[in-house]
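What follows is a single structure, written as structure tokens, with notes after it.
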Amino acid sequence: MAHLNLATQFVQMLAGALLLISFAMLAERRSRRLLILLVWQGAVLVASTLLVASTAHLTHLFYSAALTLVLKVCVLPWILFRLMRKLGIERDNEPLVNLPTLMLVGLGLVIFAFGLAQPVSALATTVLRDTLGIALAVILLSFLMILARRKAFTQVIGFLSLENGLFFAATSTTYGMPMVVELGMALDLLVAVFIFGIFFFHIREQFDSLDLDQLESLKED
Amino acid sequence: MEILLVLGCPLLGAMLLAVVGAKRYAAEVSVAISLATLLAAAALVLRIIHGGSMTALHEEFFIDPFNVFLVALTALVGFTTSVFSRPYMRIEAEHGRLTPGRLRLYHSMYQLFMAAMLLALTTNNMGFLWVSMEMATLSTVLLVSLYRTRASVEAAWKYFILCGVGIALALFGTALLYAAAESVLGGEGMNALLWTHLNAVKGQLEPRVMGLAFVFLLVGYGTKVGLAPLHNWLPDAHAEGPTPVSAVLSGLLLNVALYAVIRCKILADGALHSTLPGHMLMSFGLLSTVLASFFLWRQRDIKRLFAYSSIEHMGIITFAFGMGGPIANFAALLHMTMHSLTKSAIFFAAGHATQLSGTQRMDKIRGLLAIHPSVGWGLMLGGLAILGMPPFGVFTSEYLVLITAMRDHPWATPILLGALAVAFAAIFSRLQPMVFGDTDDRPLPHTPALVPVFIHLGIVLMMGVYIPPALAEWYRLAARLIAG
Amino acid sequence: MSAAAYAWQLGECVLAIALAPLFAGWVGQCRAWLQNRSAPPLWQPYRVLRKLFHKDVALATHASWLFRSAPYVVFATMVVAAAIIPSVTTDLPLARVADAIALVGVFATGRVFMSLAAMDVGTAFGSMGARREMMIGFLTEPALLMVLFSAFMAFGSTALPRVVEAVLRQPHIMLHPSLFFAAVAFVMVLLAENARLPVDNPTTHLELTMIHESMTLEYSGRHLALIEWAAWLKLFNYACIGFTLFMPWGVAVHGAGPGLLVLAIGALIAKLVVAGAALALLESITAKLRLFRAPEFLTMAFLLAVLGLLVHLLLEV
Numbered sequence: 025m026a027h028l029n030l031a032t033q034f035v036q037m038l039a040g041a042l043l044l045i046s047f048a049m050l051a052e053r054r055s056r057r058l059l060i061l062l063v064w065q066g067a068v069l070v071a072s073t074l075l076v077a078s079t080a081h082l083t084h085l086f087y088s089a090a091l092t093l094v095l096k097v098c099v100l101p102w103i104l105f106r107l108m109r110k111l112g113i114e115r116d117n118e119p120l121v122n123l124p125t126l127m128l129v130g131l132g133l134v135i136f137a138f139g140l141a142q143p144v145s146a147l148a149t150t151v152l153r154d155t156l157g158i159a160l161a162v163i164l165l166s167f168l169m170i171l172a173r174r175k176a177f178t179q180v181i182g183f184l185s186l187e188n189g190l191f192f193a194a195t196s197t198t199y200g201m202p203m204v205v206e207l208g209m210a211l212d213l214l215v216a217v218f219i220f221g222i223f224f225f226h227i228r229e230q231f232d233s234l235d236l237d238q239l240e241s242l243k244e245d
Numbered sequence: 006m007e008i009l010l011v012l013g014c015p016l017l018g019a020m021l022l023a024v025v026g027a028k029r030y031a032a033e034v035s036v037a038i039s040l041a042t043l044l045a046a047a048a049l050v051l052r053i054i055h056g057g058s059m060t061a062l063h064e065e066f067f068i069d070p071f072n073v074f075l076v077a078l079t080a081l082v083g084f085t086t087s088v089f090s091r092p093y094m095r096i097e098a099e100h101g102r103l104t105p106g107r108l109r110l111y112h113s114m115y116q117l118f119m120a121a122m123l124l125a126l127t128t129n130n131m132g133f134l135w136v137s138m139e140m141a142t143l144s145t146v147l148l149v150s151l152y153r154t155r156a157s158v159e160a161a162w163k164y165f166i167l168c169g170v171g172i173a174l175a176l177f178g179t180a181l182l183y184a185a186a187e188s189v190l191g192g193e194g195m196n197a198l199l200w201t202h203l204n205a206v207k208g209q210l211e212p213r214v215m216g217l218a219f220v221f222l223l224v225g226y227g228t229k230v231g232l233a234p235l236h237n238w239l240p241d242a243h244a245e246g247p248t249p250v251s252a253v254l255s256g257l258l259l260n261v262a263l264y265a266v267i268r269c270k271i272l273a274d275g276a277l278h279s280t281l282p283g284h285m286l287m288s289f290g291l292l293s294t295v296l297a298s299f300f301l302w303r304q305r306d307i308k309r310l311f312a313y314s315s316i317e318h319m320g321i322i323t324f325a326f327g328m329g330g331p332i333a334n335f336a337a338l339l340h341m342t343m344h345s346l347t348k349s350a351i352f353f354a355a356g357h358a359t360q361l362s363g364t365q366r367m368d369k370i371r372g373l374l375a376i377h378p379s380v381g382w383g384l385m386l387g388g389l390a391i392l393g394m395p396p397f398g399v400f401t402s403e404y405l406v407l408i409t410a411m412r413d414h415p416w417a418t419p420i421l422l423g424a425l426a427v428a429f430a431a432i433f434s435r436l437q438p439m440v441f442g443d444t445d446d447r448p449l450p451h452t453p454a455l456v457p458v459f460i461h462l463g464i465v466l467m468m469g470v471y472i473p474p475a476l477a478e479w480y481r482l483a484a485r486l487i488a489g
Numbered sequence: 496m497s498a499a500a501y502a503w504q505l506g507e508c509v510l511a512i513a514l515a516p517l518f519a520g521w522v523g524q525c526r527a528w529l530q531n532r533s534a535p536p537l538w539q540p541y542r543v544l545r546k547l548f549h550k551d552v553a554l555a556t557h558a559s560w561l562f563r564s565a566p567y568v569v570f571a572t573m574v575v576a577a578a579i580i581p582s583v584t585t586d587l588p589l590a591r592v593a594d595a596i597a598l599v600g601v602f603a604t605g606r607v608f609m610s611l612a613a614m615d616v617g618t619a620f621g622s623m624g625a626r627r628e629m630m631i632g633f634l635t636e637p638a639l640l641m642v643l644f645s646a647f648m649a650f651g652s653t654a655l656p657r658v659v660e661a662v663l664r665q666p667h668i669m670l671h672p673s674l675f676f677a678a679v680a681f682v683m684v685l686l687a688e689n690a691r692l693p694v695d696n697p698t699t700h701l702e703l704t705m706i707h708e709s710m711t712l713e714y715s716g717r718h719l720a721l722i723e724w725a726a727w728l729k730l731f732n733y734a735c736i737g738f739t740l741f742m743p744w745g746v747a748v749h750g751a752g753p754g755l756l757v758l759a760i761g762a763l764i765a766k767l768v769v770a771g772a773a774l775a776l777l778e779s780i781t782a783k784l785r786l787f788r789a790p791e792f793l794t795m796a797f798l799l800a801v802l803g804l805l806v807h808l809l810l811e812v
């Protein structure tokens, strides 16, 4: 621990911040604040990518940091903010059942993620290798959020937070995927958010709310 | 060159149809584009037959006997489905279920979906494989909700979220794969994600990382294959989307997803030096087969019934690939082909049957033979084929799977046989009253396109009776490639 | 241990006792500004104390010795706590006797006496307040301990002066992600322990929601003055624990001269100014939780602290 240099420590701190934001998202009831948390998550991601890029002198990581900044901190939140205003769900308050249990499950997932990431971390050569566990934890927590929440909007936030976790995982194991692949992923993400936007309107048109509790006619009894 | 044509035709077609998709002649344009794609695919097949495996465009694309056969199958079913959807969608529009705007969306997205699948099949880059699988999801999600009914919106949302989450796992797996490859192939450049390069060094990849990567890739792409327990989206999406979409989802998308799994399995096999990947495939496959065959009993909706049957068959194919070895792989490839042709034919016939009776509920569909004999026969024969009755090709492939299982894994045989018997009883008991019996429904306003149904069933029948030696040789080659 | 150390030990206690009302006044002033009210003067708490000390004590007929002695005990525990926390210097003779775990015990003693006294007279509000106070305490104590543990794991000592010295020796120890979690959890504990929003509102007397206020209803005169003073001291102490764990810069280490010590006092005041403003801001932007949500809030704090510990174990060792 003693010989960890300053940059690594900074990155670890940012990784910790990511995990913290994930937990905060899990516990947040209001759509608006959830979105703000997502923006913060994106910003932390950009900061950590920039830090890694400058420590490891990797130009392509600068590009992907810029891409993240534009897409995940500016464009997507902007689209979602507009959608939120249009749908009038800014002040939506979502009831959360049994938050402590949810948090405990989250805690379990963190342990599980660290355990799973152990062998890979041992192999990775990047300055970020220890943070793979955190990245996996962020991914699993986003899963938990998608599973536990019953509002369409919240599920989308969970989906995007999942993407953030994946991006962080890619950066922490291998300094990011090749640029072309990352561009493709960004495109997919953008299209996905557009489709989500279209869906909000469809769901509301059909069900008069964005509450997914009503979406259960197709159950396999 | 042929690759560019194969990918370019549907891609340009999607753009063209985005402009003219609402016109009256849009369906014909779509058919023409699909035909062009099919011809390009045929040219590609000829080239591979003569020249063997090849890579193209800075090794970004890779064609070998395994994927070229799927390219041909995809292009063929894509073409016949577009032929089928021409009258089908017109009838839907006349029933007032669709507006010209949605028809435009349908035609354009259909071509984009084809392009995404063909890209997934031909690309050599594991990253692009992921991107194109995601694109295939995105392009079909709006097709599933095309009717904008409560049920269809719900089905599409489920499809989107579940597949989105599943495919996210696959991305994590891809990142791990890249991590494993980077330490062997060197990080700079794009080579570390190219399948051919990975395949060349698969023995040196770090086994623990590869094991973890394979688990994520299997679960991720497996969600799209419809493997239990992540199959929930599949019956909903198949039942609520328009029938041509159900046909291509079931007949093609599942294959493409399974193709992705198999590509990963080849790498994992090489890296792990163990039977673990195979056993995982076998257990997922067996679980899906058994689960689906029991769920078949509870279905009331005709398209849901056949959607569950798709899960069952994907389970069988996955199981066969899991067993590995030339014969099992041969059987799996054959079954993939047979299933896609038969299942899309069934969906065509079932689509027209629901249009005849105005409902998808099976207890309301009666006497198809009386009102429209060709629809009735199509459904009946298709049903018999998918149930594995000789002399159809599904029988051949299932028989091969069973005897391989009996030889290598005798414990699995009774389970498989039981599941097949349960599925047989479930489907046959539903099919019989729908086809025979009396009805007072009226005939359709347009002549239904049943040529594709009988073309598909004809090929399936031929393969059951006689597999041309060239084709058999080709399957054998592909099977050997997969066995590594 | 030099005589100077004992002198500074005493000096620190006196400083804490003197500064605590001022800190409370500063927080009140910031809150008023943030809420667009005209602010009370900074020395308002001292005026309150003077007023209360001049008043006579009115005792309930059934009040026992417990009721009468509790204010003194509570005040004494807070002074002892102030003596242990290295807010100005790490050269504290008393701090060697008790580490941070004992500190939690000291706080608990104060709580127990306060609650017993509140129940002593037997009024409905007193008992209710005591019960709520114990519930909150029951939930905050493990959280606080967890926060302390994760800090101790990072710094390698349970004695607060050693923690300060460790950080001053290697500043980048503060970048540990586990401390991040601990800090957030600590702020949550601080809010709950000191009856601040969102758990309790220090400025209202709304009977059904209050916790701290309902325990002091029966007190008057110098007893009330001591209890209020103890409450301010508690807030001050918690702020100083926070400084010790998460921003100990400026604290004079062992063997520092008087100049540095004066500087340390300056640093402490600067930190208090910032922390008070931050606390006021935090209180202004959060809404009061319903009482039955408080356990949820504190469970979150506890779990965050555990998470911090976990992150430390898995990532930093």
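Going line by line, the protein sequences match chains A, B and C. All residue numbers for the first sequence refer to my numbering, where the first residue is 25 and numbers rise by one. All residue numbers for the second sequence refer to my numbering, where the first residue is 6 and numbers rise by one. All residue numbers for the third sequence refer to my numbering, where the first residue is 496 and numbers rise by one. We treat Cβ as the ideally placed atom computed from N, Cα and C, and that holds for glycine.
Enumerate in chain order the residues of its own chain whose CB-to-CB distance from Val25(B) is below 7 Å, with the five nearest sequence positions on each side excluded. These residues qualify, in order along the chain: Ala31 and Val34.
Using three-state DSSP, classify Ala690(C) as helix, strand or coil. Coil, per DSSP.
Residues of the region 134-168 of chain A in Cβ contact with chain E at a cutoff of 7 Å, in chain order, please. This model lacks chain E altogether; the protein chains it does include are A, B and C.
Please confirm if Gly40(A) has its CB atom under 9 Å from at least one CB of chain C. Closer than 9 Å to some Cβ of chain C, the Cβ of Gly40(A) qualifies, so yes.
Would you verify that the beta carbon of Thr104(B) is, or is not, closer than 9 Å to some beta carbon of chain A? Not closer than 9 Å to any Cβ of chain A, the Cβ of Thr104(B) fails to qualify, so no.
By DSSP, does Thr584(C) sit in helix, in strand, or in coil? DSSP places Thr584(C) within a strand segment (E or B) once states are collapsed to three.
List the whole-angstrom C-beta distance separating Phe177(B) from Ala252(B), where the pair is believed to meet the contact cut-off of C-beta under 8 Å. Contact annotation, Phe177(B) with Ala252(B): C-beta distance approximately 32 Å; criterion of less than 8 Å not satisfied.
Could you tell me whether the Cβ atoms of Tyr491(B) and Gly191(B) are closer together than 9 Å? Because chain B is modelled from 6 through 489, residue 491(B) falls outside the range shown and cannot be assessed.
In this structure, what does DSSP give as the bridge partners for Thr179(B)? BP columns for Thr179(B) are empty, so no partner.
Name the DSSP bridge partner or partners of Thr197(A)? DSSP, once it has assigned bridges, lists no residue as partnering Thr197(A).
Pairwise C-alpha distance: Phe34(A) and Thr585(C): The alpha-carbon atoms of Thr585(C) and Phe34(A) are separated by roughly 28 Å.
CB contact below 9 Å: Phe326(B) versus chain A: Not one chain A Cβ lies under 9 Å of Phe326(B).
For a minimum of 4 consecutive residues, which ranges assigned as the alpha helix (DSSP H) are wholly contained in the region 515-541 of chain C? Taking 4 residues as the minimum length, the region 515-541 of chain C contains no alpha helix (DSSP H) run wholly inside it.
For chain A, is any of its Cβ atoms less than 9 Å away from the one on Phe165(B)? Yes, because at least one Cβ of chain A sits closer than 9 Å to the Cβ of Phe165(B).
What is the DSSP secondary structure of Lys474(C), counted as helix, strand or coil? A query on residue 474(C) cannot be resolved here, the shown segment of chain C reaching from 496 to 812 and no further.
Report the rounded CA-to-CA distance for Arg106(A) versus Cys14(B), giving the unit in angstroms. Those two C-alpha atoms are separated by around 36 Å.
Drop a sphere of 10 angstroms on the beta-carbon of Ile227(A), count the other beta-carbons inside from all chains shown, and report buried for 16 or more, exposed for fewer. It counts as buried.
Since Met49(A) meets chain C, which of its residues come closer than 9 Å, beta carbon to beta carbon? Here the premise fails: no neighbours, minimum Cβ distance about 13 Å.
For a quick check, are the C-beta atoms of Ile579(C) and Ala571(C) less than 9 Å apart? By the CB criterion at 9 Å, Ile579(C) and Ala571(C) fall outside the cutoff.
Buried or exposed: where does His735(C) fall if 16 or more other Cβ atoms within 10 Å of its Cβ makes it buried? Inspection of the sequence shows that residue 735(C) is occupied by Cys rather than by His. Sixteen is the threshold: when 16 or more other Cβ atoms of the shown chains lie within 10 Å of the Cβ of Cys735(C), as they do, the residue is buried.
Cβ neighbour criterion (16 or more within 10 Å) applied to Ala80(A): When all chains shown are included, Ala80(A) counts as exposed.
Determine the direct distance from the alpha carbon of Asp368(B) to that of Gln304(B), and round the result to whole angstroms. Those two C-alpha atoms are separated by around 11 Å.
Does any CB atom of chain C fall closer than 9 Å to the CB of Gly200(A)? Answer no: the Cβ-Cβ gap between Gly200(A) and chain C never drops below 9 Å.
Under 8 Å (Cβ pairs) to chain A, residues found in the region 687-698 of chain C: Those would be none; no residue qualifies.
Using a Cβ-Cβ cutoff of less than 6 Å, which residues in the same chain neighbour Ala137(A) once the five nearest sequence positions on both sides are dropped? Residues Gly157, Leu160, Ala161 and Leu164 of the same chain have their beta carbon placed closer than 6 Å to that of Ala137(A), with the five preceding and five following residues left out of the count.
Within 9 Å, strictly: CB atoms of Ala565(C) and Phe608(C): Less than 9 Å divides the Cβ of Ala565(C) from the Cβ of Phe608(C).
Cβ of Pro135(B) less than 9 Å from any chain A Cβ? Note that residue 135(B) is Trp in the sequence shown here, rather than Pro. The beta carbon of Trp135(B) falls within 9 Å of a beta carbon belonging to chain A, placing the residue at that interface.
Which residues does DSSP pair with Lys175(A) in a beta bridge? According to DSSP, which records beta bridges pairwise, Lys175(A) is partnered with Asp235(A).
Please determine, among Trp302(B), Met411(B), Glu139(B) and His63(B), the residue with the shortest C-alpha to C-alpha distance to Phe433(B). It is Trp302(B).
Can the beta-carbon of Glu791(C) be found less than 9 Å from the beta-carbon of Leu123(A)? Contact: yes.
Hey, does Phe34(A) have any beta-carbon neighbour from chain C nearer than 9 Å? Judged by the 9 Å Cβ criterion, Phe34(A) is in contact with chain C.
Where Asn490(B) sits in the DSSP three-state scheme: As shown, chain B starts at 6 and ends at 489. That puts residue 490(B) outside it, with no answer to give.
Contact between the region 498-516 of chain C and the region 339-353 of chain B is defined here as three or more beta-carbon pairs at a separation below 8 Å; is this criterion met? Segment contact: the region 498-516 of chain C against the region 339-353 of chain B, fewer than three CB-CB distances shorter than 8 Å; contact not assigned.
Please list, in chain order, the chain A residues whose beta carbon lies closer than 9 Å to that of Leu198(B). Within chain A, the residues near Leu198(B) are Met201, Pro202 and Val205.
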